[in-house]
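The structure appears below as structure tokens.
Protein chains in written order, with the UniProt record's numbering: chain A, 1 to 340; chain B, 1 to 340; chain C, 1 to 340; chain D, 1 to 340; chain E, 1 to 340; chain F, 1 to 340.
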């Protein structure tokens, strides 16, 4: 069975219910999630062997996060412990013209104060055949960036595919470095990148180009620039998201493998139960697709888009859908029929 | 006042809340419902005299079901007691492209182990002027099919109208008989049938024809075949459901009375609060319409469609709307204005 | 800072949750709200000084209402106490084709039994530069109408702008007077009126005209009639509401300042979390706009429409949005993007 | 089967949950209850035929109350409709040293504005063999007192036993009459009275005596005075309640039948889930006991005490326990064993 | 690390909240639990390697049970799949004098229809050093009894300690066999038995003796009889439970090792949050104690009693306490101080 | 009216409901509280003018805390803004033998990073006649200690009474200083100290003495030592808490005014709804008592004890009881009678 290892942060998410504003909340729903962990849950649901590596505080909140990982069938045996706290983010789910609102409270987390040298990556990655990281880890602190780079280098040395979700968050990157100071070296080793062209350019220090994703001519040229700068790159994919309102999204996708462009049909997504983590669902679908349909980039992309669409109907950070459910949607069954 | 008696199963429904998946649920909402009971609730709400006959276990769960019947003003005095358990079904309400999911746990229920001879139907049907059953009862067990046939025969002998909602459920019919082994005899006595043409054909052992419900020419021919095979048949009606997504349905209807075809205008139904039981709401509306507007099949059909649409906005199995509310919608007031 | 004083009734609102019908409810969500109070909350949220004056019973329910006012930063120091009860209204939130349903239980409230002479309006209005009332107060009782007229006269004497939301409720006006008996005198002193033309005509005793709000020619003529009858009138505005369903509204607006007509672009509002109080949100936005953009009636109207749209996404009676959020929408950001 | 008819008010009860104070509540639990109705529920649970007569408003809140009656198997066919509102009471459940707090909002209810002559008591009481009323009805308004007296006189004329729970509430009796103005005539016809001696004396206009319920000598003398003043009196019973704290009560009882005094053993009741309605549970138990054990006053009293104790463990106004559960406790099984 | 394997049934538990009765419930809290599984959770919490073996249906309800196991760190890799349904039990939590009420709906479960030969016990028990079963499995069906005996025999052959919690449930044993038909052979191989003397005697076909657990003289004699009949027996322990009320228990314990009697001090347990599973918590504590303090039977017994007491404060079936928390209580810290 | 200003930290409290453990929680109840703020709420409830000064982050969580202050009628106009986050603490409410558990996540809060010089204390304390602080502020960081000392010195210079609740928390004091390094200087200026003798000694660097609070002889000697070291000291009080279990506390108190010892009678407190903040309720009661009954130290102490007892019945951090409710208990009404 394919085994994927991801490295990143898991947070306690505290969300208001039924579209309440923060000041109205007398209770917060609690979930545990984070970009790279969410990818692991997707892959575990599809039947792969998924392991998540992070650093957690030694308290009951960290212990509760581990319980959630185990419930989701994500391996947790290489997690390290220490530091002060589990990162938190507060979420107020929008509706219609009012967008969702996130208040981060993740500074000083155990993961933000991780340092390189704490994890024996050679041992952790033994038997793995995929390594995943995202642009969030280098965004939280210098030492987290270094710890992530260390993992990337080992994965590269071992020779397993490396994927990165660029995941640019403007509210992070507060520690004095810009993405273009840090990301170019880290992205060197990546084989698969998820992100839109302008974000990739920005992280590599190239001026933005405002790409037209429907233009079959310019697109390969723009993507090729990434292939030039990232020697190991094999696949770039982009989620195309058209936001009609907080409750209505249109989701498509593009993939370039260095030779050909693939487009996924745009899907209507309405209503939106919870859109947080839908990018991670795309990433999880993409990794699954590239591993399981190695010669069928169209299906890999379509799988990622279908997974992303379904995630919008799932409450919480990660995508609680089965392989069969994604495949059903891939096969055109998206009318939401009752199964009975 | 018109009095309708229905015979069938009532179940405990356990549903996850706010679109949660089964594995996320820490609580299940509980309701009591079932196709034939749901029809009774509709009729009681419209002001008719409605009675439900079934078999219940002698425990607190069965007693709670009876309390719910009484609350809904459905007579319960001829219910018989015995057997092991109340049937259960688990419901996970979908959204958008993710359909709702039903897990049945109804085998070995008190109703599945009912036998003919336990109910004195002559007495039960005294004073009734309508009898209703559905294709679910013969689908759950041989002995339930026999008990239902017994009731049908008495109703026929007494000479009251008999309606049947075909209600085909592929997950049932597990006891060794096919619908075409059982249903033809039972349908013989029916005056009103609700179901699409192919389901009716399938139950009568006729090959499917994939009918075009917009084709005014072929439709009477296809329906007439049913009139040939079912000597007592007076009215066939079909709910036309176009599922845009789990949250958006389009509902129309067709009715054939042996002479003329009636069409109801298609209604947009979005969002869907709960679509389970919307077919039963159609059935309840149809019985009401046929009883109260005996010479106006168009209004009877329109009433059924309006009732069905409104049901999608009601949580739970049955249609908690008043006669006035259905009539308001019939009169074109479907814009959801605030009444204040 | 601008200071606005409003006079009216605050009620306990008891609402069923998740679209449940009254008979299904085992709990009622509780909020405190009322047309004029809701306007105050909007203004306090936008940074103005807002004060609400009313009469409350001396019990814990009245005390809870005051706590809510304080939480919302609405001044409450001139509230008077006495009478028997806080008015209540029950709300059942509709969906799709089923409209919301309000059951009023506000008769005999402390505000309904208020009498003129109990409030020292000269003192209350000292330092205020706006007074707001609505057509609800004169609709609840003769003595409330008199108490309101007393306040209006003092505000007029002091020379501060006076606004009135006509707010016609057919279920009120039960005490033997018609609006046209009472409102003409009260409206004499108003500088700003919110309401559609036919409601204004009706309250002034003029026959209805069924105006076409898109007709640039007839509209100024129709509005001018109001200016003729109300000597102090400066601005009339109307919310244009097209109800597709209980879950989907289209909101626009028109404003006439005696010289020119302004139109706001129609906005799609779907889904509707809670539409109660959306008219009050329009009123609050309009007062803010007229005070803060005195020379820009277009922006004042657009602000009111944006505020009204956003209110539909907020649970409860009043509009819990910030100035920045309304301005963002005004600037065209209505796609509901996640802020993170 | 014995048939008991009770006359009184049913209210909507709105209670905070988990000991929250009114100002903390974002939801109110809703129940329907009232002294005389609660007695009916007890009797229906014990298998008697119970009917409740009252006056309800013609709105959804009144309709919901009727649904609750039907669920509880209490007949409701003689209820009359009219008036403005259903009475409400707000309840904040205390704990330990903090007592529960009730805020009444029942003035102007449909029952308070009932008048004599609206109910055909001869017809209603046909077939009944018990009539029950309480001191609450004459406490709410003059016209309710008159309507109640009318019912009492018919019951007396027909010759069925009449019981009265004195139920003195100091916050009521606001309409200008004292209990001693009204109650003596009404109590004339009662055969069974529940209440402590001083309350009875107070209602009959006799000075308080602060009785010692353990004193076997003085007690018959004090009770006999009631027998002198109330010619039809057969049985007087008193709940003995020692309140250790809001969460810990001790419950006993005394009964005098004109000849002998009976004492019930004091029971420890802790914790208290909900003590509202525990007096009504006593009354319901007493009526059951007097009807079913006509020659065993000790058992009737013990039954009433056991029912009262069990009520403290039931959320809501009425006593949701079965005959078997009361009998089990009567038989000494009060240790709260798990039944499995 | 010590590894314990348990075999038995896991059920979906549906419980009313806040002491509501079944007929009041609009939601059921859902948990997954069962005697032998609960023991596994205790042991996993104390840091042992715990595995649970059972048979589950292949549906989402079964899958949810496995997710719960994983969350609780109980190994599930040898679970087999098949059969119709997951057993259910409904729980109504009592208070004070009203005991909790369990309605079983576990007939026809996947575990009840298990058969011997489906599990390769030699492989499952490889590396284990303890096997646990209980008297519930032979109580549900003949084939479950046979499947359990098969496991016991393999465990015995391998030579690992075997423990049995007698767990007599009078509502089970419905398939035509009495405990004394089945249990003697099964108990032959047990080294540790938990249960009171009379239950053990009853299961072995010996007349009841109503033992006095304070009598140091008779107790060894009565226990020795078990040692005579069960050749492998090393330890018998009994939970002593004095039920003051459903909310107040007193818990002690006795252990006999064939030579000496040990008594644990009786602990006050009030209030009771949830007493279901407290016997399993005792069993889990006892296994832990016997494994970890092999030469200190007093501490093993005290550990079991402390674990049992703490369980009464935990909602749900199993004992969510840490080793440190039990040890703290063992060390006398039972005053419920706040840790901060 | 007396005006009290308090300085300290307010936190977001996230608590599990119904005694659930952290790992069971799917929702956290949210409240805002903190030792010094809680004192303000008590005083505002008793009718005093109370103001709370702190430092808050400029985000929606900080804004929600201010809304809560306003709701509680605590003035907030001198709060300063800045820093990263609002401190959080997680609370798991125990029961019986399982104590409550607090997980602090308050490091790096806006209050912890406050610095002296940011608040104009001369202006803030203008018109105040009491200043309150606690030992928590110097425990969180060096700069918070300095900011607090600055406030204390100004209060002393102005000449208003200063109170300090010692509030020792062993999990704090992590920044390299011991209490005895910091507290002696800060306590110099205090007139009223709340805390047990050994805590006071520890903070002043004196060896512990394990005082006997019943010994009338030694007690004045031990307390006098504090008067020697703290020149401004007028009153020392100690809450006496005997913890029977997490659900049952016994609360008394001692006060020494330099001349005489006062004892309050011990009160039984069971059940405990929420004991967090009960010490702050004592402090709030003590300040009220000293201000309002300046010549009656016994009543001041009794008032503090009664307030503390009542707090245990209130959910959340602060004491939501009225002056009248405390006085009722002081007058001996602690039996928890229903008020109706």
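We put the beta carbon where it would ideally sit given N, CA and C, even for glycine.
*asked:* Please classify residue 170/C as buried or exposed, where buried requires at least 16 other C-beta atoms within 10 Å of its C-beta.
replied: Here the question's residue 170/C lines up with position 170 in the third chain. Residue 170/C is exposed by the Cβ-count criterion.
*Out of 317/A, 222/A and 218/A, state which residue places its alpha-carbon closest to the alpha-carbon of residue 207/A.*
The residue you call residue 207/A lines up with position 207 of the first chain. Answer by Cα proximity: 222/A.
*Taking Cβ-Cβ distances below 7 angstroms as the criterion, which residues of the segment 16-32 of chain C are in contact with chain D?*
22, 23, 25, 26, 27, 28, 29 and 30
*Does DSSP classify residue 123/A as helix, strand or coil?*
Locating residue 123/A in the first chain gives position 123, counting from the first residue. In this structure, residue 123/A counts as helix in the three-state DSSP scheme.
_Within-9 angstroms CB hit, residue 274/E to chain B_ = Stepping through the fifth chain from its first residue, residue 274/E is reached at position 274. So, not an interface residue.
*Rounded to the nearest angstrom, how far is the Cβ of residue 189/C from that of residue 152/C, given a contact under 8 angstroms?*
On the third chain, residue 189/C is found 189 positions in, with the first residue counted as 1. On the third chain, residue 152/C is found 152 positions in, with the first residue counted as 1. With a Cβ gap of about 5 angstroms, residue 189/C and residue 152/C count as contacting.
*Among all the DSSP beta bridges, which residues are the ones paired with residue 15/E?*
Along the fifth chain, one-based indexing puts residue 15/E at 15. Looking at the DSSP assignment, residue 15/E forms a beta bridge with 29/E and 91/E.
*Residues within the segment 69-89 of chain C neighbouring chain F, beta-carbon criterion of under 7 angstroms*: 70, 71 and 73
*Check whether residue 19/C and residue 137/C have beta carbons under 9 angstroms apart*: Here residue 19/C refers to the residue found at position 19 of the third chain. Here residue 137/C refers to the residue found at position 137 of the third chain. Not a contact, by the Cβ cut-off of 9 angstroms.
*Just tell me which of 149/E, 187/E and 174/E has its CA closest to the CA of residue 166/E.*
Position 166 of the fifth chain holds residue 166/E. For residue 166/E, the nearest C-alpha among the options comes from 187/E.
*Mark residue 174/A as exposed unless 16 or more other C-beta atoms lie within 10 angstroms of its C-beta, in which case mark it buried.*
Along the first chain, one-based indexing puts residue 174/A at 174. That one is exposed.
*asked:* Comparing C-alpha positions only, which one of 309/A, 91/A and 82/A sits nearest to residue 241/A?
replied: Here residue 241/A corresponds to residue number 241 of the first chain, with the count starting at 1. Per the Cα distances, 309/A.
*Which partner residues does residue 132/D have in the DSSP bridge list?*
Counted from its first residue, the fourth chain places residue 132/D at position 132. The partner list for residue 132/D (beta bridge, DSSP) reads 6/D and 163/D.
*What residues from chain D crowd round residue 269/E, counting only those whose CB sits closer than 9 angstroms?*
Position 269 of the fifth chain, counted from the start, is the residue given in the question as residue 269/E. The contacting residues do not exist; residue 269/E stays about 12 angstroms from chain D at best.
*asked:* Please list, in chain order, the residues of the segment 42-64 of chain F that have any C-beta partner in chain A closer than 7 angstroms.
replied: 59, 60, 61, 63 and 64
*C-beta neighbour in chain A for residue 309/C, strict 9 angstroms*: As a first step, residue 309/C is located in the third chain; it is residue number 309 there, counting from the start. Judged by the 9 angstroms Cβ criterion, residue 309/C is in contact with chain A.
*Could you run through the segment 137-168 of chain E and flag, in chain order, every residue whose CB is less than 9 angstroms away from some CB of chain G?*
Absent from the structure: chain G. Protein chains present are A, B, C, D, E and F.
*Helix, strand or coil: which one does DSSP assign to residue 262/F?*
Taking the sixth chain and counting its residues from 1, the one referred to as residue 262/F is at position 262. Strand, per DSSP.
*When the Cα atoms are used, what is the spatial distance from residue 86/E to residue 34/E?*
For the purposes of this step, residue 86/E is identified with residue 86 of the fifth chain, where counting begins at 1. For the purposes of this step, residue 34/E is identified with residue 34 of the fifth chain, where counting begins at 1. Distance between the alpha carbons of residue 86/E and residue 34/E is about 11 angstroms.
*Using the C-alpha atoms, what's the distance from residue 111/E back to residue 73/D?*
Indexing the fourth chain from 1 puts residue 73/D at position 73. Indexing the fifth chain from 1 puts residue 111/E at position 111. Taking the straight line from one Cα to the other gives about 39 angstroms.
*Quick one, are the C-beta atoms of residue 4/F and residue 131/F less than 9 angstroms apart?*
Reading the sixth chain from its first residue, position 4 is the one you call residue 4/F. Reading the sixth chain from its first residue, position 131 is the one you call residue 131/F. Yes. Within cutoff.
*Please report how far the alpha carbon of residue 224/E lies from the alpha carbon of residue 21/D, in whole angstroms.*
Sequence index remark: in the fifth chain, residue 224/E carries index 224 (1-based). Sequence index remark: in the fourth chain, residue 21/D carries index 21 (1-based). Cα to Cα, residue 224/E sits roughly 58 angstroms from residue 21/D.
*asked:* Below 7 angstroms on C-beta distance, what does residue 342/A contact in chain E?
replied: In this structure chain A extends from 1 to 340, so residue 342/A is not present and cannot be described.
*Name, please, each residue of chain A whose Cβ falls closer than 8 angstroms to the Cβ of residue 334/C.*
Taking the third chain and counting its residues from 1, one reaches residue 334/C at position 334. What residue 334/C touches in chain A: 97 and 245.
*Contacts of residue 312/B in chain E (Cβ-Cβ under 8 angstroms)*: Against the second chain, residue 312/B aligns to sequence position 312. Chain E residues near residue 312/B: none, gap ~21 angstroms exceeds 8 angstroms.
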